[in-house]
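Numbering-wise (this note's numbering), the sequence shown opens with residue 0 and increments by one.
Even for Gly, the Cβ is constructed at its ideal location relative to N, Cα and C.
Note that the structure is predicted; figures quoted are calculated from it, not measured.
A short worksheet on the structure shown next.
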Amino acid sequence: MLVVSSATLATVSCGGLLAGLSLLSLRPAYDKGPSHFQVQLERIAPGTYVEVEWLGRPVVIVRPDRRMVEDLQSIDAFVLGCAPLPNGGMPGAFVYERVSTYKGCGLEHIPAGSPLAPTSFQWRGGWRDACHIGYWDYAGRAVRTDGRAVQLANLVSPEYTLIGNRIDLKRKN
Ligand code: FES
């Protein structure tokens, strides 16, 4: 069962700018321990994201559009392992927990053009762990920290499947 409540969420436009639109906050009722939580991609405007709470964790679901994919591909050389986007081409969605892979604190949204963005390349928007100066893009890829002591890992995805236009979050067994 889903409990749908209205709330203001940060959303990103295809250019990575904070649009400040209001979307639905989707909160699963997991008191009884459901094993699944489904989100229809049609409910997410292309080039934006929603955040849902799943098993007590903030999970971001990004629905990229062509421009966002091009933006992400333009920074392939600056992410951990120069990793190309998962699924190649035009992924249906990126799904990950908005928590630092250092010690698990919540990340802050850093849109394109923010003075808090890294300066070594053109930032296209994403997330930051302020205390540990870690950055991730909208695909959840860690930005490389050449020369620093700690290289933070890519953001962690919950267990999920993408079937057609539906994201199905699953409880791990
Ligand atoms: S993991 Fe806690 S602030 Fe970096």
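Check	Outcome
Secondary structure at E52, three-state DSSP: helix, strand or coil?	strand
Grab the span of the alpha helix (DSSP H) containing E69 for me, first residue to last.	R65 to Q72
Closest to P110 by CA distance: which of S119, C104, Y137 and V98 is it?	Y137
With distance defined between alpha-carbon atoms, name the residue in V59, P90, W53 and V49 nearest to M67.	P90
Kindly give me the distance between the Cβ atoms of V94 and S34, rounded to whole angstroms, as I take these residues to be in contact under 8 Å.	Going by Cβ atoms, the distance from V94 to S34 rounds to 17 Å, so no, they are not a contact pair.
Take the Cβ of A92 as the centre, count every other Cβ of all protein chains shown within 10 Å, and call the residue buried at 16 or more, exposed below.	buried
Closer than 8 Å to a non-hydrogen atom of the ligand FES - does that hold for the CB of H131?	yes
Can you find a heavy atom of the ligand FES that lies under 8 Å from the Cβ of G125?	no
Excluding five sequence neighbours on each side, which residues of the same chain lie with their C-beta closer than 8 Å to the C-beta of N172?	none
Out of A44, E41 and V61, which has the shortest C-alpha to C-alpha gap to E50?	V61
The ligand FES and D128: does the residue's C-beta get closer than 8 Å to at least one heavy atom of that ligand?	yes
Okay, do the region 36–52 and the region 157–166 touch, 3+ Cβ pairs below 8 Å being the bar?	yes
Starting from the C-beta of F120, find all residues in its chain whose C-beta is less than 7 Å away, skip the five residues before and the five after it, and write them out in chain order.	I74 and F77
Report the option in P83, K169, E96 and R170 whose CA atom is closest to the CA atom of L106.	E96
With distance defined between alpha-carbon atoms, name the residue in L168, N153, Q37 and L71 nearest to W122.	L71
What residue range does the beta strand (DSSP E) around E107 cover?	E107 to I109
Classify A92 as helix, strand or coil using the three-state DSSP reduction.	coil
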